[in-house]
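Since the structure comes first, as structure tokens, the remarks are kept for the end.
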Amino acid sequence: MKTTRRPRRLLPLVALAVAGCASPLSTLEPAGPAASEIALLWWVMFWASLAILLVTLGLALIAALRATGHGSTTRNRLLVIGGGVLWPTATITGLIVYAVYSGQHLMAVPVGERAFQIEITGHQFWWEVRYPDGPDGATIHDANEIHIPAGRPVDVHITTEDVIHSFWVPRLGGKLDAIPGITNVLRIEADAPGTYRGLCAEFCGAQHARMGFVVYAHEEEALAEELARIAEIAPAPEAQELDGAALFEAECATCHSADTASRSPGPAPNLARVAERSHIAAGWFPNDSDALRRWVREHQTLKPGNLMPVMDHLSDEEIDAVAAYLEAIP
Amino acid sequence: MSAADNDGGRSPVELHRELEAIWRNPGGLGRLTVVNHSVIGIRFMIAGAIFFVIGGVLAMLIRAQLATSDNAFVGHEAYNQIFTMHGTVMMFLFAIPMIEGVALYLLPKVLGARDLAFPRLSAFGFLCLVFGGSIVVGSMLFGLAPDSGWFMYTPLSSREFTPGINADIWLIGITFVEVSAVAIGIELVVTILKIRTAGMALHRMPLFAWAMLVTAFMIVLGFPPLILGAIMLEVERAFDWPFFIADRGGDALLWQHLFWLFGHPEVYIIFLPATGLVSLMIPTFARHPFVGYTAVVVALIATGFISFALWVHHMYVVGIPYLALVFFSAASMLVAIPTAVQFFAWIATLWAGRPYMGLPMLYLFGFLFTFVFGGLTGVMLALVPFDWQVHDTHFVVAHLHYVLVGGFVFPLLAAAYYWLPLISGRNPNPRLGHLAFWLIFIGFHVTFFIMHFTGLMGMPRRVYTYHPAFGWDLFNLISSIGGFVMSAGFALFFIDIILQTLHGRRARRNPWGAGTLEWGMSLPPKLYNFASLPEVSGRDPLWDRPELAAEMAGGHHYLGIPRNNWQETLGVDAVTGRPDQIIILPGPSWYPFLGAAALLVFFFSFLVQLYPLAIAGAAAATVIFMLWGWANGLKVDQSALPAGHGKHLLPHPAVSDPPGWWGTCITFVADGTLFACLLFGYFFLWAVAPGWPPPSFIDPDPLIPAIAVTALIAGAFTAHRAVHANAASGPGAAIPWQIAGLLAGLVACGAYIAIPLYAIAPPTTHAYHATVALMAIYGAFHAGVAALLSLHSGLRCAAGYVSPQRSLDLRVARLWWGYTAAIGAIIVLALYAIPAVAT
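These protein sequences, in sequence, are chains F and R.
As numbered in my numbering, the first sequence has no gaps in its residue numbers, which increase by one up to the final residue, 330.
As numbered in my numbering, the second sequence has no gaps in its residue numbers, which increase by one up to the final residue, 839.
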């Protein structure tokens, strides 16, 4: 994967000057048209507000420190009408026109076949990902990682299985809530291939803080290859680690699916690709060689309050076997 | 006994001694019975200050936890309780009670009155606040505090995802506190409209009174949506009626609409009174009458109206169509105009005068600076696309603190120093106050300025920890340091206020040289405020007539002659300020305490699911409120009494529009708002919620609704006839009508209860059935109260409290019956006609 190319260098530079340091979640380092539009809106409003602040407070200071008691009634009336009514009216009108214009083309308006479709379901405290248009027209099931095309609009269909969440990739665009019983559609787009972090923005309970995800934007061909590869990930019919497969079936499969062709039967992420994800626990802990084993052993310490039952009854060998099984899924 | 013993030869000293005896408050356990507005106002303020300190400590815990990434200071369980409680305590237990306390204390004094319209009601409100607040805050001691965020979004706060008692504590405790808020709202509206001194027409009222009038109306209109929402959510949690559960026809967004219908006006309920305080202080320091009075009055009213049209700006990211959002966006920005009008009116006043810098002015500058800042970020947030990015981030946290601390706390600190001499009779010493200001001011901006950027860099609100790779460490550390500096400032402020209250130099009358009436009294003020109530002819009475203070103290104006051991104040025509009655105020009473205690039994038993005890508490409360109502009025017809300046006025039980009448009308405004919200919920679910249509509709058999409506119309007719019978032939003739009314009310009550029992599937089936049941219960409740009012007023007729002259009881019953018949008919229409049309 290529490192991110940032097409709009100027605004991030100003951002850095003000902010002093960078974040992979910064709205001020936009990497897509929607985020860029809004970042520009911010900087326009920032400088305008600074000017308004200086003028009003300057007036207040002069009034308090230099006034001599000879103010004419006309001038005072002018101050109240001009400063209180005319000035804000003009500013606000301009701002509304600008914002309506700028917001209009951020909406998920139909763009025909061009928009890439993706379905997201929020869960306490992870993200279910589905690609409705897999290589053979079948749905691909995944979790906590999202692959999208670069340079092409993406329609994210967002809903939830439990409480309200909010889907947000700050560098690609605004956020939209996941509401029970409703599917909302958010339009995002990445200018260039790269890795973008996302998170849950609506308080959703114990581990709201650790409900992240990662978005990978690819060139079109790379994306097609990636999706085709994901679609084929399923437990091998003759698994090498028989012990692990049986254990997974007995201990994990009531909630987790290990096949990208099927949805998890319970409120738990699809584990078919878990070994090759960059993070575990919804975009939080780096997925190093030991991460999976540590997770099964101490997940209530690592992410307390998550909904997975404690697996204390498994021995270290059994955990090893399950982990090896998941790592071995092609 | 009604003739005044007018011995004009009484000396001022004797007059004050006599008034003091009449207005004296009991000590010991009797303190629980005190109703005087100065005492109750101070109690409210002290309670608010205590809750502020609690909320502040919680804020420090938040800043300690967020100071570094991956911090293990507190876990998610404690943190989620802490941030929920910080918001809850600050909004419901500090800001609102503090504003109410200031208003209860100050309003009669600036309006030239001796007390409020309903002194016992404010005492009752105080106890509801203390009881409800104690339930909420006390839960922290057991680790059971609410933890779903201060706006309690469903379904996170529903039984399924918050199975513990935590959410119930919020819903029940805060509803208890809201009972207090609505009571005080009614109190303030009627006080401002009726209880002023002579000549204080609406256009001469101090701007603070205008701000409080608008605010009090906003409380009366703004709290019912939340009360209704809390009732619905609590019923859902306790009895599984699925109002907000999408699988069964409910909608989580209904909660958000109801919450923000309250929640946005709430912001202005907090901010407008503060602007009113600023508008009282600025002319004093400018040494010039207020410039732009009329413009500011219009601005206050406009703000009140607009504030009810922008709740959706808290819901830009829930998926509402863009065009609708643009409307709310425009409305949200519109509110900047009246706010700017106020701001420039203050500047114009300073400009017109020769300002001097007292300590309060320093805090007022802190206010101007901070608030303008918060207002500007508010305009930014009102822009839909920008909000899509920063919604639910620390940018919003920064903004709301700029608005609330800037727009409320700084004016309040200025007010504390400004009115300290009034409350304590001692002068502030500016030295510690200056230091406290700079610590608070610098600490505040260090904490919250950088927080805008923390939010822009992607940090959501309400996270108990964050990843070191996210790059938020430095910003959060700076915010935490600022937070502790600010806390030191507040600690210093409290120390300073306490020290000066105890040891400050004695203040002389009117130490700032102000023009408003509250400074026309000796310091600290007597319980009766003024020995006589002046005739005012301008907005700054003490500047208009410097000798006024001495004249008032000498008893030369209205009601300067005590009689009958009555606590008297003037009632005026709401618009012109012409005196039209003498209000006889109630003295100390046990009813407020007993009523609040009965409600405590009800709410607490409901909380711990002892439902029989809860019913007993509700029954006890009903009896106590009826006894409370019994204690009003006079048994003898009255003739006009001398009021001073050659005027003769009737005491209030003998006039047609006593405060009680106004209070009843305002109560219906609150009740009607709640009903409108209930209807809104019914139609909203029907039109918007997923999971419709329901499995079954109401049984269209017309028998039950026919009985209900017939009984209500009959009851309203009896109540109407009772008024006429009394007017024509005396109270005895009204009694048979009231007995008929009692029966009609009971029949109607039974008919409405029959609807959920016999005409629909169980309310747990679907949100449709739950809503129908709730509306029927609303009808049954009102019919039941109507029956009780018929009974009560009938008994009052028999006991001699009613006569053709003293007919308030009968007219209140008639009003209630009329309202009940109207909403009862609307309920039947909504429940029976709509399904017939829609299916």
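Virtual Cβ for every residue (Gly too), placed ideally from N, Cα, C.
For residue i, would you say it is in contact with chain R, using Cβ-to-Cβ distances shorter than 8 Å as the test?
i, result
"Pro12 (chain F)", "Low per-residue confidence applies at Pro12 (chain F): pLDDT is 48, beneath 50, and the placement is therefore not dependable, though the value from the model is reported in the following sentence. Taking Cβ atoms only, chain R never reaches closer than 8 Å to Pro12 (chain F), which makes this a no."
"Ser278 (chain F)", "no"
"Leu302 (chain F)", "no"
"Glu145 (chain F)", "no"
"Ile329 (chain F)", "no"
"Ile96 (chain F)", "yes"
"Trp42 (chain F)", "yes"
"Glu249 (chain F)", "no"
"Ala19 (chain F)", "Caution is warranted here: a pLDDT of 49 is assigned to Ala19 (chain F), below 50, making its placement in the model unreliable, and no coordinate value can be reported."
Beta-carbon of residue i versus every beta-carbon of chain F: anything under 8 Å?
i, result
"Ile347 (chain R)", "yes"
"His462 (chain R)", "According to the sequence as given, residue 462 (chain R) is Arg; it is not His. Arg462 (chain R) counts as touching chain F."
"Ala373 (chain R)", "Here residue 373 (chain R) turns out to be Phe, not Ala, going by the sequence shown. Closer than 8 Å to some Cβ of chain F, the Cβ of Phe373 (chain R) qualifies, so yes."
"His203 (chain R)", "no"
"Thr393 (chain R)", "yes"
"Pro289 (chain R)", "no"
"Gln65 (chain R)", "no"
"Ala252 (chain R)", "yes"
"Gly538 (chain R)", "no"
"Leu533 (chain R)", "no"
"Met333 (chain R)", "yes"
"Trp472 (chain R)", "yes"
"Phe161 (chain R)", "yes"
For residue i, return the contacting residues in chain R, with the cut-off set at a CB-CB distance below 7 Å.
i, result
"Val85 (chain F)", "Ile337 and Val341"
"Ser166 (chain F)", "Val317 and Asp392"
"Val100 (chain F)", "Val326"
"Tyr89 (chain F)", "First, the residue type needs correcting, since residue 89 (chain F) is Thr and not Tyr in the sequence shown. Ordered by position in chain R, the residues that pass the 7 Å Cβ test against Thr89 (chain F) are Ile337."
"Leu199 (chain F)", "Pro460"
"Thr68 (chain F)", "Arg354"
Can you pull the chain F neighbours of residue i, defined as C-beta to C-beta under 7 Å?
i, result
"Gly458 (chain R)", "Ser23, Leu25, Ser26, Thr27 and Pro170"
"Pro690 (chain R)", "Gly181 and Ile182"
"Tyr153 (chain R)", "Ile164"
"Phe369 (chain R)", "Leu57"
"Ala246 (chain R)", "Pro180 and Gly181"
Can you name the residues of chain F whose CB is closer than 9 Å to the CB of residue i?
i, result
"Thr465 (chain R)", "Ala209 and Arg210"
"Gly681 (chain R)", "Within 9 Å Cβ-Cβ: nothing; Gly681 (chain R) doesn't reach chain F, min ~16 Å."
"Ser329 (chain R)", "Ile96, Ala99, Val100 and Gly103"
Within its chain, find whatever has a CB closer than 6 Å to the CB of residue i; leave out the 5 residues flanking it on each side and keep chain order.
i, result
"Met1 (chain F)", "Low confidence applies to Met1 (chain F): its pLDDT is 36, below 50, so where it sits in the model is not reliable enough to give any reading."
"Leu849 (chain R)", "The shown model of chain R, from 1 to 839, leaves out residue 849 (chain R), and the question about it has no answer."
Anything in chain F within Cβ reach of residue i, meaning under 8 Å, just list it in chain order.
i, result
"Trp255 (chain R)", "Residues of chain F passing the Cβ test: none, with the nearest at roughly 10 Å."
"Tyr322 (chain R)", "Gly103, Gln104 and Met107"
"Leu156 (chain R)", "Val163, Ile164, Phe203, Cys204 and Gly205"
In chain R, which residues lie with their C-beta within 9 Å of the C-beta of residue i?
i, result
"Gly32 (chain F)", "Neighbours of Gly32 (chain F) on chain R: none; closest Cβ ~12 Å, over 9 Å."
Kindly list the residues whose CB is nearer than 7 Å to the CB of residue i, restricted to its own chain and excluding five residues on each side of it in sequence; keep chain order.
i, result
"Arg461 (chain R)", "Asp392, Thr393, His394, Val396 and Val397"
"Ala67 (chain R)", "Asn476, Leu477 and Ser480"
"Ala4 (chain R)", "Here the model assigns Ala4 (chain R) a pLDDT of 39, short of 50, so the residue's position is not dependable and the matter cannot be decided."
If I measure Cβ to Cβ from residue i and keep anything under 8 Å in the same chain, skipping five residues before and after, which residues do I get?
i, result
"Met1 (chain R)", "In this prediction, Met1 (chain R) has a pLDDT of 31, which is less than 50 and means its spatial position is unreliable; what the coordinates show is noted afterwards. These residues qualify, in order along the chain: Asn564 and Val636."
"Ile22 (chain R)", "Tyr528, Pro562, Asn565, Trp566 and Gln567"
For residue i, return the contacting residues in chain R, with the cut-off set at a CB-CB distance below 8 Å.
i, result
"Ala206 (chain F)", "His76, Glu77 and Asn80"
"Val80 (chain F)", "Val291, Gly292, Ala295, Val341, Phe344, Ala345 and Ala348"
"Gly305 (chain F)", "His76 and Glu77"
### Query
On the three-pair Cβ rule with 8 Å, is the stretch 166 to 186 of chain R touching the stretch 202 to 210 of chain R?
no
### Task
Please specify which runs of the alpha helix (DSSP H), each continuous and at least 4 residues long, are wholly inside the stretch 51 to 91 of chain R, giving them in chain order.
76 to 88
### Task
Indicate whether the contact test is met: 3 or more Cβ pairs, each with one atom in the stretch 778 to 785 of chain R and one in the stretch 739 to 750 of chain R, closer than 8 Å.
yes
### Message
Taking contact to mean 3 or more Cβ pairs, one atom from each stretch, closer than 8 Å, check whether the stretch 340 to 355 of chain R and the stretch 69 to 89 of chain F are in contact.
### Response
yes
#### Entry: beta strand (DSSP E) segments (min. 3 residues) lying fully within the stretch 718 to 790 of chain R
none
### Stretch pair the stretch 161 to 168 of chain R + the stretch 112 to 124 of chain R: three plus CB contacts closer than 8 Å
no
### Task
Just list the alpha helix (DSSP H) runs in the stretch 270 to 343 of chain R, keeping only unbroken ones of 4 residues or longer that don't cross its boundaries, in chain order.
293 to 306 and 322 to 334
### Message
Pairs of beta-carbons, one from the stretch 170 to 178 of chain R and one from the stretch 243 to 258 of chain R, closer than 8 Å: are there three or more?
### Response
no
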